[in-house]
Amino acid sequence: AKRPAMLDLITRELDQIPQQIEYFGSITSPQVIARFADIYQRTVSELTPRIQVFGDSTYLQQADNVNRIRALLLSGIRAAVLWQQKGGRRWQFLLQSNKLLQAATDLHAQT
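Residue numbers (the numbering used here): 2 to 112.
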């Protein structure tokens with residue numbers, strides 16, 4: 002990892018999330034999502050190049066939407082890091098995208 006200190010900080014912060022989920026009752030509670038967003042803002046958002054989100058400013062100026070976007074960006078980046086740490090490669094992702102889509106569809110159907 003090029004930034005081990007940042008990865009360690011993210012890991013420490015994410016380790017505290019289960020306590021917040023227990024306290025607020027759901028991973029989708031605004032407080033938990035705000036915590037994910039804060040982790041993203043203090044860590045990943047400092048990297049370059051920066052991720053730019055485009056859309057209707059009416060929605061992008063609402064704090065809850067900003068938090069959701071940042072939380073989703075953090076989760077996507079975290080998933081990519083975990084994929085790579087477990088031996089995943091870009092070509093596997095591209096060649097097996099249909100399998101991944103089917104697995105995601107199956108998981109969604111179970112909820």
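The beta carbon of each residue, even a glycine, is placed where N, CA and C say it ideally should be.
In the three-state reduction of the DSSP assignment, leucine 48 falls in the coil class, being assigned neither a helical nor a strand state. Between the stretch 35 to 47 and the stretch 72 to 88, the count of C-beta pairs closer than 8 Å reaches three or more; the two stretches touch. Using a Cβ distance threshold of 8 Å, glutamine 21 and glutamine 32 count as a contacting pair. In this chain, the alpha helix (DSSP H) harbouring serine 98 covers 98 to 111. The beta-carbon distance between valine 45 and isoleucine 78, rounded to whole angstroms, is 6 Å. This is short enough to meet the 8 Å contact definition.
In the structure shown, the three-state DSSP call for glycine 89 is coil.
Just measuring C-alpha positions, the residue of Gly26, Gln97, Ser98 and Ile11 sitting nearest phenylalanine 37 is Ile11. Pairing isoleucine 28 with asparagine 68 gives a Cβ-Cβ distance that is not under 8 Å. With respect to leucine 61, valine 54 sits close: the two C-beta atoms are nearer than 8 Å.
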